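Novice: Residue numbers (this note's numbering): 5 to 157.
Built from N, CA and C at the ideal position, the CB exists for glycine as well.
Fair warning: this is a prediction, and the values are worked out from it, not measured in the lab.
Take a look at the structure:
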């Protein structure tokens, strides 16, 4: 993955739609991902902090996204309490403040995609536009039936 692609991901993103059961629970809302490009040794990586509310209390999940040049995907490793967790993901689309990411199946989650935006809230027109993008992405369209809006307050 090129350095400029990592820089394009940097900053805060709000989760709008997900196929992952974890994010679709009614007790979880206002999920944001904050990416920071940094050096880890000789490698450029993304430091990731996911913030969300569960039952009204703020929770944080931290980790690093390690780019894999040969596959164009990321290898995620948790830190702190999440240090035992690992997964793989891939950016399917990153344009116009819309980020569509694929996540591999893990022991506790199915293969799925997430749709994140720079905006906290979307209009109906913006949501329709995003779904048209997904319909035209061969790597994402099969996940449409599993996508649900997440709670954003």
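Give every residue of the same chain whose Cβ lies closer than 8 Å to the Cβ of residue 82, excluding the five residues on either side of it in the sequence, and list them in chain order.
Specialist: Stepping through the chain shown from its first residue, residue 82 is reached at position 78. The answer, listed in chain order, is 65, 66, 67, 88, 89 and 90.
Novice: Give a yes or no on contact between the stretch 124 to 133 and the stretch 39 to 56, applying the rule of three or more CB pairs nearer than 8 Å.
Specialist: No, they do not touch.
Novice: Could you spell out where the alpha helix (DSSP H) holding residue 10 opens and where it closes?
Specialist: Taking the first residue of the chain shown as 1, we reach residue 10 at position 6. 7 to 13 is the extent of the alpha helix (DSSP H) around residue 10.
Novice: Quick one: Cα of residue 71 to Cα of residue 127, how far?
Specialist: In the chain shown, the residue the question calls residue 71 occupies position 67. In the chain shown, the residue the question calls residue 127 occupies position 123. If you take the alpha carbons of residue 71 and residue 127, they lie about 33 Å apart.
Novice: Which of the three DSSP states is assigned to residue 110 in this structure?
Specialist: Position 106 of the chain shown, counted from the start, is the residue given in the question as residue 110. It is coil, neither helix nor strand.
Novice: Quick one: measure Cβ to Cβ for residue 118 and residue 22, integer angstroms, because I've assumed they're closer than 8 Å.
Specialist: Looking up residue 118 in the chain shown gives position 114. Looking up residue 22 in the chain shown gives position 18. Right, the Cβ-Cβ distance comes to about 5 Å (below 8 Å), so this counts as a contact.
Novice: Classify residue 69 as helix, strand or coil using the three-state DSSP reduction.
Specialist: Counted from its first residue, the chain shown places residue 69 at position 65. Strand at residue 69.
Novice: Compute the distance between the beta-carbons of residue 102 and residue 121, then report whether it is under 8 Å.
Specialist: Here residue 102 is taken as the residue at index 98 of the chain shown, counted from 1. Here residue 121 is taken as the residue at index 117 of the chain shown, counted from 1. Against a cut-off of 8 Å, the Cβ pair of residue 121 and residue 102 comes out as a contact.
Novice: Can you tell me where the beta strand (DSSP E) holding residue 35 begins and where it ends?
Specialist: Numbered from 1 along the chain shown, position 31 holds the residue referred to as residue 35. Note, residue 35: beta strand (DSSP E), 32 to 44.
Novice: Can you tell me the Cα-Cα spacing of residue 29 and residue 53, whole angstroms?
Specialist: Here residue 29 refers to the residue found at position 25 of the chain shown. Here residue 53 refers to the residue found at position 49 of the chain shown. Rounded to whole angstroms, residue 29 to residue 53 spans 20 Å at the Cα level.
Novice: On the criterion of 16 or more Cβ atoms from any shown chain inside 10 Å, does residue 85 qualify as buried, or is it exposed?
Specialist: Translated into positions along the chain shown, residue 85 becomes position 81. Exposed, since its Cβ has fewer than 16 Cβ neighbours within 10 Å.
Novice: So, with DSSP's three-state summary, where would you put residue 29?
Specialist: As a working note, residue 29 is residue 25 in the chain shown. Residue 29: coil per DSSP, three-state reduction.
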